[in-house]
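Novice: Before we start, here is the structure in question, set down as structure tokens.
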Amino acid sequence: MSNVFDQYPLDEWKDPSYRFMDKFSLAGKKGFVTGGAGGLGRNAAAAWAEAGADVAIVDLPSSRDRLEPLAAELSGRYGVRVVPPLYCDVSDKDQVGALKESLVRELGTVDVAFINAGVCVPGDDVDVPYEVWSKTIGINLTGAYLTSQIAHHIMREHRHGGSIIITSSLSGHNANFIGGGPSPVASYGATKAGVYELARYMAAALAPHHIRVNAISPGYVWSGIFDCRITEEGHDVMLETVPMKRFGTNDEIVSAVLFLASDASSYVTGTNLQIDGGYSVY
């Protein structure tokens, strides 16, 4: 006689057809990546394409010269459908509404979404000008809200589950001390704390719909944004509070994004994965 506990398999590996690594596959899935022209975005798109997903890469129109060759390269290399790049200001409600229509038209549906568009504007200290505050909030927090909203709306309208991953940051959890003082990222840090809480609330609300929502918090990652901003001395100063004494790399971050998008993380929701070389242990 069966009982409620029969739904929980104990040793699936004993089935000759079962493969643990199959859990990491995205074959047949459809996904989109915002902030797709940046280091994390383009690498996430590549990881998902390699794992078998059809992908839409989203960014501002100013990134056209980078996105069009990227989409063609990924499609040719991995043999999946990488749709023509989609252009959108994620802080603009009307543009995000149009993005939803484009995603359904190009992909059919959305199973996975990497909500990654963001900006960190110079001069972002405690006396941050209103214009900097407003721009940062608009892109990082409002943009995350709007784009994650269209993702789960598409999933629910098509009556299937999915996974949404939102990029937070170590700056959303720490004052981010560099060289004995706080880094000037006041509004950036506020938005990154906000998107983590957004992910938690969405995870609770969407779990009955089989939609998982998680955040990642990268630490210092050599994604391209620091190339012209710091010296070798500055590099060493930044790493004083990183136990592993090095920057992370794009592939180390997007491997976590792949995990959270895949069924390998099917029991993970509402969490924040800190990928910071140990920075957060202090």
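In the working numbering, the protein residues as written are 1068 to 1349.
Even glycine gets a Cβ: it sits at the ideal position worked out from N, Cα and C.
All values derive from a computational prediction rather than experimental measurement.
Looking only at C-alpha atoms, which of Arg1086, Leu1077, Val1122 and Ala1114 sits nearest to Lys1096?
Specialist: Position 29 of the sequence shown, counting from 1, holds the residue named residue 1096. It is Val1122 whose Cα lies nearest to the Cα of Lys1096.
Novice: The alpha helix (DSSP H) that contains Val1171, what's its start and end?
Specialist: For this step, residue 1171 is matched to residue 104 along the sequence shown. Start and end: Lys1160 to Leu1174.
Novice: Count the other C-beta atoms from every protein chain shown that fall within 10 angstroms of the C-beta of Gly1102, then say buried if there are 16 or more, exposed otherwise.
Specialist: Counting from 1 along the sequence shown, the entry for residue 1102 is found at position 35. Flag for Gly1102 reads buried.
Novice: Would you say Leu1141 and Ile1232 are within 8 Å of each other, going by their C-beta atoms?
Specialist: Start at 1 with the first residue of the sequence shown, and residue 1141 comes out as number 74. Start at 1 with the first residue of the sequence shown, and residue 1232 comes out as number 165. No. Outside cutoff.
Novice: Let's test the definition: count the other Cβ atoms within 10 Å of the Cβ of Ala1270 and tell me whether it reaches 16, buried, or not, exposed.
Specialist: Along the sequence shown, read from residue 1 onward, the residue named residue 1270 stands at position 203. The residue is buried, with at least 16 neighbouring Cβ atoms inside 10 Å.
Novice: From this set, Tyr1212, Val1188, Ala1113 and Arg1148, which residue's C-alpha is nearest Asp1318's C-alpha?
Specialist: The count along the sequence shown starts at 1 and reaches residue 1318 at position 251. The option with the nearest alpha carbon to Asp1318 is Ala1113.
Novice: In the DSSP output, which residue or residues are listed as bridge partners for Pro1285?
Specialist: Along the sequence shown, read from residue 1 onward, the residue named residue 1285 stands at position 218. DSSP, once it has assigned bridges, lists Ile1342 as partnering Pro1285.
Novice: For the alpha helix (DSSP H) holding Ile1221, just list the boundary residues, first then last.
Specialist: Here the question's residue 1221 lines up with position 154 in the sequence shown. Here the alpha helix (DSSP H) through Ile1221 covers Gly1210 to Glu1224.
Novice: Skipping 5 residues on each side, what residues in its chain have a beta carbon closer than 6 Å to that of Ala1282?
Specialist: Mapped onto the sequence shown, residue 1282 falls at position 215. Closer than 6 Å at Cβ, skipping near neighbours: Ile1233, Ser1235, Tyr1263, Ala1266 and Asn1339.
Novice: Quick check: what's the CA-CA separation for Val1186 versus Val1157?
Specialist: Working through the sequence shown from its first residue, we reach residue 1186 at position 119. Working through the sequence shown from its first residue, we reach residue 1157 at position 90. If I take the Cα positions, the gap works out to 11 Å.
Novice: Leaving out five residues before and five after Tyr1349 in sequence, what residues of the same chain have Cβ atoms less than 7 Å from its Cβ?
Specialist: Within the sequence shown, residue 1349 is the residue found at index 282, counting from 1. Contacts found: Thr1308.
Novice: Give me the residue from Ala1211, Ser1230, Ala1118 and Thr1214 with the minimum Cα distance to Thr1336.
Specialist: Taking the sequence shown and counting its residues from 1, the one referred to as residue 1336 is at position 269. Measuring from the Cα of Thr1336, the nearest candidate turns out to be Ser1230.
Novice: Going by the beta-carbon positions, is the gap between Val1280 and Ala1111 smaller than 8 Å?
Specialist: Counted from its first residue, the sequence shown places residue 1280 at position 213. Counted from its first residue, the sequence shown places residue 1111 at position 44. No, the pair does not count as a contact, with Cβ atoms beyond the cut-off.
Novice: Am I right that Gly1286 and Leu1237 are in contact with their C-beta atoms under 8 Å? What's the rounded C-beta distance?
Specialist: Looking up residue 1286 in the sequence shown gives position 219. Looking up residue 1237 in the sequence shown gives position 170. Contact holds; Cβ gap of about 5 Å.
Novice: Give a yes or no on whether the C-beta atoms belonging to His1219 and Ile1278 are separated by under 8 Å.
Specialist: Here residue 1219 corresponds to residue number 152 of the sequence shown, with the count starting at 1. Here residue 1278 corresponds to residue number 211 of the sequence shown, with the count starting at 1. Yes, the Cβ-Cβ distance between His1219 and Ile1278 is below 8 Å.
Novice: Considering only their Cβ atoms, is the gap separating Gly1205 from Pro1251 smaller than 8 Å?
Specialist: As a working note, residue 1251 is residue 184 in the sequence shown. As a working note, residue 1205 is residue 138 in the sequence shown. No, they are not a contact pair.
Novice: Quick test of your reading: Gly1315 and Ser1284, contact by CB under 8 Å. State the CB separation rounded to the nearest angstrom.
Specialist: Along the sequence shown, one-based indexing puts residue 1315 at 248. Along the sequence shown, one-based indexing puts residue 1284 at 217. In fact, because the Cβ distance is near 11 Å, the residues do not count as touching under 8 Å.
Novice: If you reduce the DSSP assignment to three classes, tell me which class Tyr1197 lands in.
Specialist: Residue 1197 sits at position 130 when you count from the first residue of the sequence shown. DSSP places Tyr1197 in helix when its eight states are reduced to three.
Novice: Hey, how far is the Cα of Leu1166 from the Cα of Tyr1154?
Specialist: Taking the sequence shown and counting its residues from 1, one reaches residue 1166 at position 99. Taking the sequence shown and counting its residues from 1, one reaches residue 1154 at position 87. Answer to the nearest angstrom: the Cα atoms are 8 Å apart.
Novice: Using DSSP bridges, identify the partner residues of Gly1229.
Specialist: Residue mapping note: residue 1229 aligns to position 162 of the sequence shown, counting from 1. Note: Gly1229 sits in a beta bridge opposite Ile1278.
Novice: Is the separation between the beta-carbon of Val1304 and that of Leu1107 shorter than 8 Å?
Specialist: For the purposes of this step, residue 1304 is identified with residue 237 of the sequence shown, where counting begins at 1. For the purposes of this step, residue 1107 is identified with residue 40 of the sequence shown, where counting begins at 1. Not in contact: Val1304 and Leu1107 (Cβ atoms no closer than 8 Å).
Novice: If I follow the unbroken alpha helix (DSSP H) through Phe1326, where does it start and stop?
Specialist: Here residue 1326 refers to the residue found at position 259 when the sequence shown is read from its first residue. That run of the alpha helix (DSSP H) goes Asn1317 to Ala1328.
Novice: Is it true that the CB of Ile1124 sits closer than 8 Å to the CB of Val1149?
Specialist: Reading the sequence shown from its first residue, position 82 is the one you call residue 1149. Reading the sequence shown from its first residue, position 57 is the one you call residue 1124. Yes, the Cβ-Cβ distance between Val1149 and Ile1124 is below 8 Å.
Novice: Within 10 angstroms of the Cβ of Val1193, are there 16 or more other Cβ atoms? Answer buried if so, exposed if not.
Specialist: The residue you call residue 1193 lines up with position 126 of the sequence shown. Exposed, because fewer than 16 other Cβ atoms sit within 10 Å of the Cβ of Val1193.
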